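K.L.:
Take a look at this one; I'll ask things after.
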Amino acid sequence: MAGGGAAGGMGIAAAVFLNADIKPGIEIVLNAVNLAQAVQGAALVITGEGRIDSQTAGGKAPLGVASVAKQFNVPVIGIAGVLGDGVEVVHQYGIDAVFSILPRLAPLAEVLASGETNLFNSARNIACAIKIGQGIKN
Numbered sequence: 653m654a655g656g657g658a659a660g661g662m663g664i665a666a667a668v669f670l671n672a673d674i675k676p677g678i679e680i681v682l683n684a685v686n687l688a689q690a691v692q693g694a695a696l697v698i699t700g701e702g703r704i705d706s707q708t709a710g711g712k713a714p715l716g717v718a719s720v721a722k723q724f725n726v727p728v729i730g731i732a733g734v735l736g737d738g739v740e741v742v743h744q745y746g747i748d749a750v751f752s753i754l755p756r757l758a759p760l761a762e763v764l765a766s767g768e769t770n771l772f773n774s775a776r777n778i779a780c781a782i783k784i785g786q787g788i789k790n
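Whatever position you read off the sequence shown (first residue = 1), add 652 for the working numbering.
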């Protein structure tokens, strides 16, 4: 069932027995946090999740965020722990660039323990790339 997500069975039951309307979870969250107001006038939006790949195009949070940003012509960067197979498809849905925070392959325990440091280093490198880009003349 479209919009059922991981708990699709619950969605079907609610729709059939309670006459409930099924809405994607990301739609509810974006409205609850009033993302459109926050994005309007922004120079850049950065979003992310643990893994960005072809499945992200199926309606995961980064695409919901990107769809709001694109309403205001705001560029979007996606950050993930892992960039998986088919990641390039997200460019068709409003994510302009994607980056992995992992500097190298490592065991899961090590990756989790160094997550904050890896995210900080990646964010710093993205900021440096943006600064370089601002100085490039067309």
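Yeah, the Cβ is synthetic: ideal placement off N, Cα and C, and Gly gets one too.
Source: prediction; values computed, not measured.
Would I782 be called buried (16 or more neighbouring beta carbons within 10 Å of its own) or exposed?
P.N.:
Per the 10 Å Cβ criterion, exposed.
K.L.:
Looking at the unbroken alpha helix (DSSP H) that takes in V763, where does it start and where does it end?
P.N.:
Per DSSP, V763 belongs to the alpha helix (DSSP H) from L760 to A765.
K.L.:
Just reading off the beta strand (DSSP E) that E701 is part of, what are its end residues?
P.N.:
It spans V697 to I704 - the beta strand (DSSP E) in which E701 sits, taken as one unbroken run.
K.L.:
Which ranges would you report for the alpha helix (DSSP H) in the stretch 734–788 if only whole runs of at least 4 residues count?
P.N.:
Counting whole runs of 4 or more residues, the stretch 734–788 contains the alpha helix (DSSP H) stretches 760–765 and 767–787.
K.L.:
Our contact map puts I704 next to V728 with C-beta atoms below 8 Å; I'd like the distance itself, whole angstroms only.
P.N.:
Not confirmed; about 12 Å, so no contact.
K.L.:
Along the alpha helix (DSSP H) that carries K722, what are the first and last residues, could you check?
P.N.:
Note, K722: alpha helix (DSSP H), A713 to Q723.
K.L.:
Using a Cβ-Cβ cut-off of 8 Å (strictly less than) and excluding sequence neighbours within five positions of G700, which residues of its own chain qualify?
P.N.:
If we look at G700 and ignore the five residues flanking it on each side, its Cβ neighbours are P714, G730, I731 and A732.
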